[in-house]
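Comments concern the structure below.
Residue numbers (our numbering): 67 to 135.
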């Protein structure tokens, strides 16, 4: 299964974490999501286009970029 890591900015509390997690879980093809509030990252498991993941996070009100590596 493919794993995509995103750098997410703008998260400051558990509500933010939940909003990002929910937005990513709604993307078709996503199997699992792990969001690290302190680290400002999200890991998404599934056969998904990374542009769709970034767009979902942005629609939730946060900024995201695909992490290098």
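Note that beta-carbon positions come from the ideal geometry of N, C-alpha and C, so glycine has one too.
Looking at residue j and residue i, is the spacing between their C-beta atoms short of 8 Å?
i          : j           : result
residue 83 : residue 107 : no
residue 86 : residue 96  : no
Report all residues from its chain with a CB closer than 7 Å to the CB of residue i; omit the five preceding and five following residues, and keep chain order.
i           : result
residue 116 : 70, 132
residue 91  : 99
residue 101 : 83, 86, 87, 108
Our contact map puts residue i next to residue j with C-beta atoms below 8 Å; I'd like the distance itself, whole angstroms only.
i           : j           : result
residue 122 : residue 93  : 5 Å
residue 68  : residue 113 : 6 Å
residue 110 : residue 120 : Going by Cβ atoms, the distance from residue 110 to residue 120 rounds to 11 Å, so no, they are not a contact pair.
Looking only at DSSP bridge pairs, what is residue i linked to?
i           : result
residue 169 : An answer regarding residue 169 cannot be provided, because it is not within the stretch 67 to 135 covered by the chain.
residue 72  : 108, 132
For residue i, which residues of its own chain have a beta-carbon under 6 Å away from its beta-carbon, when the five flanking residues on both sides are left out?
i           : result
residue 118 : 93
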